[in-house]
Every structure is written in structure tokens, then in C-alpha cells.
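Following: one structure in C-alpha cells, then a few remarks.
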Amino acid sequence: MMIRGWLGVAEGSDPLRAIEEAAAAARRAAGDQLPKAALILVTGGTGVPGLGEVARASAGGAPVAGASVSGILTDSGLLTAGAAVMCFYGDALSPSVVCAGRPMGLSAATERVGRLVLAGASERRHFPRGVALAFAPPVTESLTDAFLVRWRHLAGPKLRTVISAAGRPLCGQGAAEPGNLAVLCLEGAYKSGVGVAGAAGPGESDATMLLHGAAEAAAVAVKRLEGQPVRVALVAESAARYAALGGTARDEWLAIRDRVGHEVPCVGWLTTAESASGRGAAAGDTGAVIVVALAEAPVAVAPSV
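For the sequence shown, this note's numbering begins at 177 and goes up steadily by one.
Written as C-alpha cells, this is what we have:
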């Protein structure tokens with residue numbers, strides 16, 4: 177199946193306008209096609225009413241989810257005032273977005289959202305497959321224990337999942353209140369890979385070790401694609417890890433770019449905690465960088481007679 181991503185980025189202190197401008201840029205890059213789904217990242221959006229509605233309208237009514245974050249990682253550097261929108265396209269992509277809808281504990285929200293995801297596609301005969309991007313506000317609970325363990329039990333092993341604790345979740349499915357969990361599921365029979373570099377261990381806090389870890393995480397994500405070219409790349413990184421990089425933060429981004437490709441649409445965001453599950457992926461709750469790579473599934477060739 178075909179899968180593509182187109183990225184738009186806009187600077188500015190008005191989050192609503194920044195979302196609109198970033199979404200318009202992404203859609204222009206795609207030839208003004210309406211996306212199947214969109215990831216929305218915005219700074220300074222906490223407490224701003226109507227973010228979800230504006231985000232969905234900007235994406236042409238497609239399912240959208242994301243979060244208010246402290247920083248957005250782009251090819252131009254760290255964006256601390258503005259928005260980024262990644263629009264997804266694919267002929268067999270079946271996206272959905274579900275949010276908790278009201279305040280509740282993360283474990284309860286996971287149960288609610290997971291069951292809604294499973295109920296949302298009655299024609300599905302097996303566990304969903306593809307990539308899920310989950311967003312929660314900063315929590316005291318372990319993301320792995322409160323979310324990933326239960327989520328994997330509900331959604332099964334074929335839905336590679338990244339959860340980010342950042343700012344307020346953003347959910348454009350018409351709900352006035354997203355609650356404390358929003359999940360964008362990009363279901364489909366495409367290739368995906370997740371690579372994780374954890375926090376530096378004792379004696380490994382220098383930037384060189386962090387750079388090597390990020391490069392290896394990107395390489396692992398690409399390896400999972402089994403030779404298919406990367407079409408979209410996403411990066412979730414601990415804000416504490418990013419700060420520890422200091423002046424080498426740009427080098428880390430370039431190291432990731434070297435692995436996924438410099439022409440591939442790629443965007444990242446800073447988190448207070450992050451975790452991931454998938455083939456070979458496991459992350460703690462803070463200090464990590466997570467790289468996600470998406471690619472098309474190879475076309476099956478009929479055997480010659």
C-alpha cells in the first residue's frame with residue numbers, strides 16, 4: 177500500500193493561527209489533496225479553547241490528534257513558538273482518533289480508549305496493525321505500567337505504539353474535552369519500525385554517548401522496514417535528554433536524518449516522559465529518544481507460469 181506524509185511548519189505566538197498555517201503548508205506540499213489523518217503539534221496551546229476543532233478543520237475534517245508541547249524538532253532547529261502538522265496519505269490507510277473524553281486515571285483512560293479503538297472497525301477480523309501515537313499530560317504514573325502494558329493487551333502485538341507525556345492532549349474528533357489521553361491510530365498494511373535509545377547510564381552522560389544512541393535508534397527503526405525506503409519519520413524526545421545534549425542537539429538531529437534520509441518528511445517533539453512498544457522496542461519513562469519510520473509494503477509479484 178502507498179503511504180506518504182507531508183509536513184507543514186509555521187512560527188508564531190498565536191497557536192490557532194499557527195495550526196492553520198502549518199496545515200495549509202502541508203496540504204500545499206501534497207498538491208492540495210485532503211489527508212487521511214494528521215498529527216498536530218503546537219506550542220503554547222494549553223488552555224486555548226477550540227484547538228481540536230481548528231486542527232480538524234485545517235486538515236479538511238480528517239482525524240487529527242496531537243498535543244501542546246514545549247518544543248517542536250524541525251530541520252530548522254527547535255521551534256518554541258508555533259505549530260507543525262504532519263498530514264498522512266495512503267490508499268489503504270484506515271486512521272482513527274479516540275480520546276478519553278473526561279478526566280480519569282491513565283489506566284482507566286487506556287481501557288476506555290483501547291476498547292473504543294477496537295469497536296471502531298467492525299470489519300476488522302484481527303488485531304489492528306500499523307502505528308499508534310498516544311498523547312497524555314504529564315503524569316505521576318509510569319507510562320509503561322499504566323498505559324503500554326494494558327494497551328498491548330487490548331490492541332495486540334501488531335500496533336506499534338508511542339506514548340508521549342507532554343502538554344494537554346489535542347483531539348479533533350468533535351469532543352469538547354479530550355480528557356487525559358488522545359490516540360491517533362494509523363492502521364494499515366504498511367511497513368513500520370520503532371527504535372529507542374534510553375537515558376544514558378552511569379558514566380555515559382556525555383553528549384557523545386547520547387548521539388550514538390540516537391543514531392542507533394534511527395538505524396533500528398529503518399532496519400525494521402526491510403529495505404523499503406522511508407516515507408515518514410517521527411521523533412519523540414525527552415526534554416531532559418535534549419537539554420543534556422547542549423550544543424550538540426543539532427548533531428543528534430542530523431544523525432537521525434542521516435539514517436532516515438534528509439528528504440523524508442520528519443518532525444519531532446519534546447516530552448516530559450515517553451515510552452514505546454513494538455517489535456524490538458522498549459523504552460523507560462524518561463530520558464529516551466524514540467524514532468518511528470513508516471514505509472510502503474512491497475508489492476506482491478505474481479509467480480510466472
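Even for Gly, the Cβ is constructed at its ideal location relative to N, Cα and C.
When only Cα atoms are considered, isoleucine 466 and threonine 250 end up about 15 Å apart.
By DSSP's assignment, methionine 262 forms a beta bridge with Leu183, Leu215.
Glycine 423 carries a helical assignment under DSSP once its states are collapsed to helix, strand and coil. Counting along the chain, serine 283 sits inside the alpha helix (DSSP H) bounded by residues 282 to 295. Proline 345 places its beta carbon less than 8 Å from that of alanine 312. Contact annotation: the region 226 to 245 does not touch the region 321 to 338, with fewer than three C-beta pairs closer than 8 Å.
In this structure, the alpha-carbon of alanine 284 lies about 14 Å from that of threonine 320. Contact between the region 261 to 268 and the region 181 to 197 is present: three or more C-beta pairs spanning the two stretches fall below 8 Å. Restricting attention to Ala214, Tyr418, Thr447, Pro405, the CA atom closest to the CA of glutamate 472 is found in Pro405. Phenylalanine 323 carries a helical assignment under DSSP once its states are collapsed to helix, strand and coil. In the DSSP assignment, threonine 447 falls within the unbroken beta strand (DSSP E) covering 442 to 447. Linking valine 224 to glycine 403 through their CA atoms gives a straight-line distance of about 43 Å. By the CB criterion at 8 Å, alanine 243 and glycine 220 fall outside the cutoff. Counting only runs that start and end inside the region 345 to 397, the beta strand (DSSP E) elements of at least 3 residues fall at 345 to 347, 358 to 363, 367 to 373. Of all C-beta pairs linking the region 267 to 284 to the region 359 to 368, three or more are shorter than 8 Å, placing the two stretches in contact. Going by DSSP, glycine 228 is part of the alpha helix (DSSP H) stretching over 227 to 234. The straight-line gap separating the alpha-carbon atoms of phenylalanine 303 and alanine 375 is approximately 31 Å. For alanine 257, there is no enclosing beta strand (DSSP E), since its DSSP letter is neither H nor E.
Taking a 10 Å sphere around the C-beta of threonine 462, we find 16 or more other C-beta atoms and assign the residue as buried. Bounds of any alpha helix (DSSP H) do not take in proline 271; it lies within the beta strand (DSSP E) bounded by 270 to 275. Taking C-beta separations shorter than 7 Å and ignoring five residues to either side along the sequence, the partners of glutamate 287 in its chain run Arg326, following chain order. By the neighbour-count criterion, in which 16 or more other beta carbons inside 10 Å mark a residue as buried, glycine 355 falls on the buried side. Judged by DSSP in its simplified three-state form, valine 245 adopts strand. When secondary structure is reduced to three states using DSSP, leucine 335 falls in the strand class. For alanine 312, the enclosing beta strand (DSSP E) starts and ends at 306 to 312.
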